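Numbering (my numbering), first residue to last: 1 to 271. All C-beta atoms in this analysis are idealised placements derived from N, C-alpha and C, irrespective of residue type, glycine included. On a predicted model such as this, the values are computed, not experimentally measured, just so you know. What follows is one structure encoded as structure tokens, with my remarks underneath.
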Amino acid sequence: MSFSCPLCHARLMRSEKSFICPQGHQFDMAKEGYVNLLPVQYKRSRDPGDSAEMMQARRAFLDTGHYHPLRETVAGILKEILPESAAAILDIGCGEGYYTAMFADVAREKGAETYGLDVAKVAIRAAAKRYSQVVFCVASSHRLPFDDESMDAVIRIYAPCKAEELARVVKPGGWVITVTPGPRHLMELKGLIYNEVHLHASHSEQLAGFALKQELSVAYDMSLKGEEAVALLQMTPFAWRAKPEVWETLAKQAEFCCQTDFSIHCWQRED
Numbered sequence: 001m002s003f004s005c006p007l008c009h010a011r012l013m014r015s016e017k018s019f020i021c022p023q024g025h026q027f028d029m030a031k032e033g034y035v036n037l038l039p040v041q042y043k044r045s046r047d048p049g050d051s052a053e054m055m056q057a058r059r060a061f062l063d064t065g066h067y068h069p070l071r072e073t074v075a076g077i078l079k080e081i082l083p084e085s086a087a088a089i090l091d092i093g094c095g096e097g098y099y100t101a102m103f104a105d106v107a108r109e110k111g112a113e114t115y116g117l118d119v120a121k122v123a124i125r126a127a128a129k130r131y132s133q134v135v136f137c138v139a140s141s142h143r144l145p146f147d148d149e150s151m152d153a154v155i156r157i158y159a160p161c162k163a164e165e166l167a168r169v170v171k172p173g174g175w176v177i178t179v180t181p182g183p184r185h186l187m188e189l190k191g192l193i194y195n196e197v198h199l200h201a202s203h204s205e206q207l208a209g210f211a212l213k214q215e216l217s218v219a220y221d222m223s224l225k226g227e228e229a230v231a232l233l234q235m236t237p238f239a240w241r242a243k244p245e246v247w248e249t250l251a252k253q254a255e256f257c258c259q260t261d262f263s264i265h266c267w268q269r270e271d
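So this is what it looks like as structure tokens:
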């Protein structure tokens, strides 16, 4: 399997260190091994996606293993649902590749190739450096650079994507696995930032063309060191609301207890 051109949607063919379509659109491989398929006209900013600081914080936190139960759970689901004839899976919003690497181990057992996609070039560069078993690309999740009905499974952890694009690239009978924050996710961390802490809204997503086959939650308590709590806050979307004293308080903590609450939904593409 290969990429499709983000400009004309024709199949991209690999030529040494480049991908080229019949129309002559060319996309060069970076030295780290990924390809940038995000044309400048599709960017909403100069450097879309997470900053280098956010990416580094996420890698530092994930490397501690505190989110390992989530990674193992999703990988276990993937192992159950992927057919023996699987050809390809895709991790949308893969970031620096922490989850993608384990998904690739599962896919390899089925003979399938694993693709990781993110809009942040700094994250994809870091991912490609560490995880050579995955094919990484910089691209928009709203314009997936893949052929129709080319994916056996798509994993989406916190990442946005148009339902129409998912329905286009997933094979009939294929799967989409989504992970979203559960109602009580990171309540203690939010309590340091907001005067009034609200529960996350219950899951209400509907994916046209897919049937919801399974839903489950993964919830547990974490005991974090001060620097781990700081890294966790830095990788969250509410970090920008934290006042300086919040960062200082977290950094000084010998132990910070915080709960996780993840909602997992498994959708199957209807024929």
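Shown here, F238 sits in coil according to DSSP, grouped into three states, outside any helix or strand.
In this structure, the straight-line span from the alpha carbon of E32 to that of V134 is close to 12 Å. Unbroken alpha helix (DSSP H) stretches of 4 residues or longer found wholly inside the segment 40-124: 52-62, 68-81, 98-109, given in chain order. For E215, the secondary structure class from DSSP, reduced to helix, strand or coil, is strand.
In the structure shown, V197 adopts coil according to DSSP, grouped into three states. Excluding the 5 residues flanking it on each side, Q214 has same chain C-beta neighbours closer than 6 Å at C266, in chain order. Around the beta carbon of C257, fewer than 16 other beta carbons lie within 10 angstroms, which makes this residue exposed. Cβ neighbours of S217 within its own chain (closer than 8 Å, five residues either side excluded): G182, D261, F262, S263, I264.
With respect to the C-alpha of E96, the residue from V106, F61, E113, E84 having the closest C-alpha is F61.
About 6 Å separates the beta carbons of R269 and G173, which is inside the 8 Å limit, making them a contact pair. H9 has its alpha-carbon roughly 11 Å from the corresponding atom of I20.
Of the candidates A87, Y99, Q26, the residue whose Cα lies closest to the Cα of D147 is A87. Counting C-beta pairs closer than 8 Å gives three or more between the segment 99-115 and the segment 147-162, which meets the contact rule. Cβ-Cβ distances below 7 Å link A75 to M102, F103, V106 in the same chain, with the five nearest sequence neighbours on each side left out; the list follows chain order.
With contacts defined as CB atoms closer than 9 Å, I81 and T114 fail to qualify as a contacting pair.
M55 is not a Cβ neighbour of V119, given a cutoff of 9 Å.
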